[in-house]
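In this text, residue positions in the sequence shown follow full-length UniProt numbering: the first is 1, and each later residue adds one.
From the three backbone atoms N, C-alpha and C, an ideal C-beta is built for every residue, glycine too.
For clarity, every value in this text was computed on a predicted model and none was experimentally measured.
To start, the structure itself, in structure tokens.
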Amino acid sequence: MRHSKQTIAQRLVGQEEAPLIVFSLEIMASDRVRTALLRTLGSVIEPTRVAPGCRSVRLFTDLDKRRTLVLVEEWKTRVEFERNLDATKLNTIVGAIELSGEPPVVRIDTIEREEGVDLLALSIVGEKMPRGQRET
1 MRHSKQTIAQ RLVGQEEAPL IVFSLEIMAS DRVRTALLRT LGSVIEPTRV APGCRSVRLF
61 TDLDKRRTLV LVEEWKTRVE FERNLDATKL NTIVGAIELS GEPPVVRIDT IEREEGVDLL
121 ALSIVGEKMP RGQRET
């Protein structure tokens, strides 16, 4: 198998798309309010999933920190993300935060480039190549 001397970054040049927006809300859920918090956050999942521009929406629980719930939304554009933040959704999120009683961790990340299994495959191939032939 022949490998080019081109770096991974060079291979990705020209793959320009609108930045992906990732919204995440990490919230603490005591046993007393866990069910109510799951129900509250769960109520935004389906309306979000079908909203224009939503790539995915998921609600996780941290297995190491059982009290932690994490809502993650991925959006094609910032405009579509912002359009989805209507009063109903904001009130639901505020309600969840009030149930928690602890400050949440809220993040809105802009992702310029996504990489996946192809990058892993390139890394594995690079590790198997003799040192002098690896990309730098």
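Its Cα nearest to that of residue 53, the residue 82 stands out among 106, 82, 103 and 60. Around the Cβ of residue 40, a 10 Å sphere holds 16 or more other Cβ atoms; the residue is buried. Looking only at 89, 55 and 62, the smallest Cα-Cα distance to residue 42 is reached by 89. Partner residues in the beta bridge of residue 61, as assigned by DSSP, are 69.
For residue 85, the three-state secondary structure derived from DSSP is coil.
Contact between residue 70 and residue 26 is confirmed by a C-beta separation of about 5 Å, below the 8 Å threshold. Just so you know, the alpha carbons of residue 118 and residue 19 end up roughly 20 Å apart. Between residue 75 and residue 33, the C-beta spacing is not below 9 Å. In chain order, 25, 26, 27 and 97 place their CB closer than 7 Å to the CB of residue 104, counting only its own chain and leaving out the 5 sequence neighbours on each side.
Residue 109 and residue 87 have their alpha carbons spaced roughly 21 Å apart.
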